[in-house]
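Below is one structure, written out as structure tokens, with a few remarks after it.
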Ligand code: HEM
């Protein structure tokens, strides 16, 4: 891998390397949550409450994923030397990223709108938008996951073993901050899910 910092006092699990690990670990957390949400779609009538709960829970980790990738984007385009040296993702993935972000936000936002407005909401076909954005999201996410899955064992494993990629013991600050952010994103998602899941009664009443 390209050297990330010419300053030997900066641990390599900080900066772009730490950001990449946070992005990957958040992705690894999202995978089983996506799988569980996928099961609820197959049995939507019976599992509608779980569909609401997991969908709302996802909001926390998805926001963290948008935050960590948005941070890399911001640092790269504002000229931070370490992020410039690491470079951007390869072109096809760079082109895919805005569509992936837009469809992810659309699926979650239309899901929340459906919960708030109920089945018979006004003239806007929110249910249609939810389904259409899901179909786009599923295609884009399949490509995204296939492109990045191979990196997860190295990046997530590095933090699980608490060792830095090159320099022996990992800086606890980097690993600690990443696990704290993950836990906070899950806690935020849990609060949203607990507060929002009762909205399912609008739907079950019909
Ligand atoms: C709604 C869910 C997700 C969103 C919105 C999202 C978004 C993004 C974006 C915008 C990027 C930066 C652009 C790019 O490299 O293509 C990225 C990078 C990445 N994503 Fe995701 N992603 C999601 C889920 C996942 C999942 C499930 C995985 C697990 C395989 C994953 C793994 C990665 C990895 C490893 C990177 C590269 C990080 C780097 O090079 O710094 N993502 N993601």
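Numbering (our numbering), first residue to last: 1 to 206. Beta carbons are placed, not taken as given, at the ideal position from N, Cα and C, and that holds for glycine. Every value quoted in this text rests on a predicted model; they were computed, and no experiment measured them.
Beta-carbon contacts of residue i that lie in its chain and below 8 angstroms, excluding the five residues immediately before and after
| i | result |
| --- | --- |
| residue 192 | 56, 57, 59, 60 |
| residue 71 | 19 |
| residue 116 | 199 |
| residue 31 | 145 |
| residue 42 | none |
| residue 90 | none |
| residue 180 | none |
Presumed contact (8 angstroms Cβ cut-off) between residue i and residue j, rounded CB distance
| i | j | result |
| --- | --- | --- |
| residue 182 | residue 26 | 7 angstroms |
| residue 107 | residue 133 | 5 angstroms |
| residue 140 | residue 103 | 6 angstroms |
| residue 156 | residue 28 | 5 angstroms |
| residue 83 | residue 16 | 5 angstroms |
| residue 138 | residue 93 | Not a contact, Cβ separation roughly 17 angstroms. |
| residue 111 | residue 130 | 6 angstroms |
| residue 143 | residue 96 | 6 angstroms |
Same chain, Cβ closer than 7 angstroms to residue i, five either side skipped, listed in chain order
| i | result |
| --- | --- |
| residue 40 | 47, 50, 51, 54 |
| residue 127 | 114 |
| residue 172 | Summary for residue 172: the model assigns pLDDT 40, below 50, so the residue's position carries little reliability, and this model does not support an answer. |
| residue 151 | 24 |
| residue 21 | 13, 155, 158, 159, 178 |
| residue 4 | Low local confidence applies: a pLDDT of 41 at residue 4 is under 50, so the model's placement there is unreliable, with the coordinate-based value given in what follows. Excluding residues within five positions, the ones whose Cβ falls inside 7 angstroms are 12, 15, 16, 17, 82, 85, 86. |
| residue 66 | 101 |
| residue 195 | none |
| residue 44 | 51 |
Residue i Cβ short of 6 angstroms to the ligand HEM heavy atom set
| i | result |
| --- | --- |
| residue 35 | no |
| residue 107 | no |
| residue 104 | yes |
| residue 91 | no |
| residue 27 | yes |
| residue 131 | no |
| residue 39 | no |
| residue 31 | yes |
| residue 101 | yes |
| residue 177 | no |
Contact set for residue i: own chain, Cβ-Cβ below 6 angstroms, skip 5 residues either direction
| i | result |
| --- | --- |
| residue 184 | none |
**Whole alpha helix (DSSP H) elements within the region 76-137, 4-residue minimum** = 81-86, 91-117
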